[in-house]
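Presented below is the structure to which this report refers.
2 protein chains.
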Amino acid sequence: MNRSLTRRQHEIYDFLSRHNDDFEHPPTLDELCSALGLSSKGSLHKQIQALVDAGLVEPMNNQRRGVRLVRDEESSALPLLGYIAAGQPIEAVEQRETIRVPELLRTDRPCYVLQVRGDSMIEDGILDGDHIIVEQRDQARNGDIVVALIDGTEATLKRIEQKPGEVVLHPANSRMSPMHFSPDRVTVQGILVGQMRSYH
Amino acid sequence: MNRSLTRRQHEIYDFLSRHNDDFEHPPTLDELCSALGLSSKGSLHKQIQALVDAGLVEPMNNQRRGVRLVRDEESSALPLLGYIAAGQPIEAVEQRETIRVPELLRTDRPCYVLQVRGDSMIEDGILDGDHIIVEQRDQARNGDIVVALIDGTEATLKRIEQKPGEVVLHPANSRMSPMHFSPDRVTVQGILVGQMRSYH
DNA sequence: CCCCTTTTGTTCTATATGTGTTCTATTATA
DNA sequence: TATAATAGAACACATATAGAACAAAAGGGG
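Chains A and B supply the protein sequences, listed in that same order.
With the working numbering, letter number 32 in the first sequence gets 32, and the count goes up by one each step, no holes.
Adding 200 to a residue's 1-based position in the second sequence gives its number in the working numbering.
Here it is, written out as structure tokens:
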């Protein structure tokens, strides 16, 4: 079942994940063959079968309905990790919670959700209580709003500016000042990609 | 039962979803045949029956013109009506679009989605480009943020204050002033219940 | 209201095509 | 040498289609 994939099997699975939107309908073996540049569906079938055994592709027991990836029923739910407030570690939520997030507010890479505490980003329209969707990353571009870890303990949500020899974290609150750190004290944990607010 | 669809059944279902607006009434089997390029309604009937078994098409027990899709109540998708900017009518979007909204950001009553244009509510964290979820209503409580229609033409998003003999619409922008109207000039179209923002 | 016709859905059968499956043989790759 | 990847053929059977015949509803004219 949980056998590790060969290199080619990995390629094929990646191809399916990337292109399953390009196919109008689940692709047949023949279609996949020409898309992949193969000329024998028999060979492909063997590979697909390995993916089925690995639990990545829906088993097709003689059915003629195309090659479908297994539906990740959690697909639109992301883990809600806890609260983030400037200057404190992320306060984990007790239970392992998940929260549904529409595709529009997330990316294809791994994401998670935090709830905002405090007003440090209020002028960018991020208010106390908002849910933010964060893409897990360890690098950011200047101007991104990031979840940054300072000295390995304090987590904060700020707009980042990376200069040679210095990292500046800008709050969006005129009553607060930018914070300056040496680069080795700051690690990026993710970048802000989406935001949700409920008014009830 | 809940069997997965064959390829052709998938196609036919897609066709129905795409074109159910093109048909004045639910189509007859013969109409569908010619639209799909088939010449045997007997064959089509078998396919339709499969869709009925899958729960995607309402069962047509000898009814005429009985091919209608089952109401898609599950999808958690709301209609995206268009753009709202202070002082102009809601600019309708061309296509009838829908957008997925998690339960957290909506209510049990009918809701719709608008995209915000302008900065009139910026200090409440509602920025240009944000998607807002509006619950359809004709009454509001003081302090609610509402979609209000002024003189039946201009739509605007503001915080409402209803006094005897007067309605005040408060922007959240210190460069703008509250607007005063007599109650008969203002009708509430809905109240803000959720908000979404994408950063990419 | 009844009878007839027309339309439209339902049920068959027969046939053609498509599509997954199973082989074996051959070639790369480490 | 062992493992993986490929081609190609042959096969089995699920699915798609046409066509005919039948049944149920709708409508119309007397």
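The beta carbon of each residue, even a glycine, is placed where N, CA and C say it ideally should be.
Beta-carbon proximity check, residue i vs residue j, cutoff 8 angstroms
{"i": "threonine 98(A)", "j": "alanine 77(A)", "result": "yes"}
{"i": "cysteine 458(B)", "j": "leucine 251(B)", "result": "In the structure displayed, chain B extends from 201 to 400; residue 458(B) sits before or after that span and is not available."}
{"i": "glutamine 95(A)", "j": "valine 147(A)", "result": "no"}
{"i": "leucine 335(B)", "j": "arginine 309(B)", "result": "The question names leucine, but residue 335(B) is glutamate in the sequence shown. Yes, these two residues count as a Cβ contact at 8 angstroms."}
{"i": "isoleucine 211(A)", "j": "aspartate 119(A)", "result": "The requested residue 211(A) does not occur in the structure, where chain A is confined to residues 1 to 200."}
{"i": "leucine 36(A)", "j": "leucine 81(A)", "result": "no"}
{"i": "arginine 397(B)", "j": "glycine 42(A)", "result": "no"}
{"i": "leucine 269(B)", "j": "leucine 256(B)", "result": "yes"}
Cβ of residue i within 8 angstroms of any chain B Cβ
{"i": "glycine 143(A)", "result": "no"}
{"i": "serine 198(A)", "result": "yes"}
{"i": "glycine 66(A)", "result": "yes"}
{"i": "leucine 127(A)", "result": "yes"}
{"i": "isoleucine 99(A)", "result": "yes"}
{"i": "proline 26(A)", "result": "yes"}
{"i": "glutamate 74(A)", "result": "Note that glutamate 74(A) scores a pLDDT of 48, beneath 50, so its modelled location is shaky and nothing firm can be said."}
Residue i to residue j span [Cα, whole Å]
{"i": "arginine 207(B)", "j": "proline 102(A)", "result": "27 angstroms"}
{"i": "glycine 329(B)", "j": "leucine 229(B)", "result": "44 angstroms"}
{"i": "glutamine 247(B)", "j": "threonine 356(B)", "result": "48 angstroms"}
{"i": "proline 279(B)", "j": "cysteine 311(B)", "result": "8 angstroms"}
{"i": "asparagine 202(B)", "j": "isoleucine 150(A)", "result": "At asparagine 202(B) the pLDDT is 46, less than 50, meaning the model places this residue with poor confidence; the figure from the coordinates comes in the next sentence. Those two C-alpha atoms are separated by around 52 angstroms."}
{"i": "histidine 370(B)", "j": "threonine 387(B)", "result": "15 angstroms"}
{"i": "proline 378(B)", "j": "glutamine 362(B)", "result": "12 angstroms"}
{"i": "arginine 368(B)", "j": "glutamate 354(B)", "result": "The sequence shown places valine at residue 368(B), not arginine. Distance between the alpha carbons of valine 368(B) and glutamate 354(B): 15 angstroms."}
{"i": "arginine 159(A)", "j": "glutamate 258(B)", "result": "52 angstroms"}
{"i": "isoleucine 333(B)", "j": "leucine 104(A)", "result": "14 angstroms"}
{"i": "arginine 117(A)", "j": "histidine 131(A)", "result": "10 angstroms"}
{"i": "glutamate 231(B)", "j": "methionine 60(A)", "result": "33 angstroms"}
{"i": "arginine 137(A)", "j": "histidine 400(B)", "result": "15 angstroms"}
{"i": "histidine 19(A)", "j": "histidine 10(A)", "result": "14 angstroms"}
{"i": "glutamate 24(A)", "j": "phenylalanine 223(B)", "result": "23 angstroms"}
{"i": "phenylalanine 381(B)", "j": "tyrosine 83(A)", "result": "42 angstroms"}
{"i": "leucine 327(B)", "j": "glutamate 291(B)", "result": "17 angstroms"}
{"i": "leucine 16(A)", "j": "proline 227(B)", "result": "36 angstroms"}
{"i": "threonine 107(A)", "j": "arginine 141(A)", "result": "16 angstroms"}
{"i": "glutamate 74(A)", "j": "arginine 185(A)", "result": "With a pLDDT of 48 at glutamate 74(A), under the threshold of 50, the modelled position of that residue is not reliable, and no figure is offered here."}
{"i": "isoleucine 12(A)", "j": "arginine 71(A)", "result": "17 angstroms"}
{"i": "alanine 54(A)", "j": "glutamine 249(B)", "result": "34 angstroms"}
{"i": "proline 164(A)", "j": "aspartate 14(A)", "result": "37 angstroms"}
{"i": "serine 40(A)", "j": "aspartate 21(A)", "result": "24 angstroms"}
{"i": "proline 383(B)", "j": "glutamine 339(B)", "result": "12 angstroms"}
8 angstroms Cβ cutoff, residue i in contact with chain A
{"i": "serine 243(B)", "result": "no"}
{"i": "glutamine 339(B)", "result": "no"}
{"i": "arginine 152(B)", "result": "Because chain B spans 201 through 400 in this model, residue 152(B) falls outside it and cannot be assessed."}
{"i": "asparagine 202(B)", "result": "Because asparagine 202(B) sits at a pLDDT of 46, beneath the cut-off of 50, its placement in the model cannot be relied upon, and the following sentence gives the value as read from the coordinates. It does not: the Cβ of asparagine 202(B) has no partner Cβ on chain A nearer than 8 angstroms."}
TODO: Check each residue of the segment 102-122 of chain A: if its Cβ is closer than 8 angstroms to any Cβ of chain B, include it; give the result in chain order.
DONE: Pro102, Glu103, Leu104, Leu105, Thr107, Ile122
Open item on the list: Along the segment 204-222 of chain B, where does the CB come closer than 7 angstroms to a CB of chain A? Name the residues.
Closed with: For the segment 204-222 of chain B, the set of residues with a beta-carbon nearer than 7 angstroms to any beta-carbon of chain A comprises Ser204, Leu205, Thr206, Arg207, His210, Glu211, in chain order.
TODO: Please confirm if the segment 119-138 of chain A is in contact with the segment 173-182 of chain A, defined as three or more CB-CB distances below 8 angstroms between the two stretches.
DONE: yes
TODO: Tell me, please, whether the segment 49-65 of chain A touches the segment 206-220 of chain B by the rule of three or more beta-carbon pairs shorter than 8 angstroms.
DONE: yes
- [ ] Anything in the segment 375-394 of chain B with a Cβ closer than 7 angstroms to a Cβ of chain A? List those residues in chain order, please.
- [x] Leu392, Val393, Gly394
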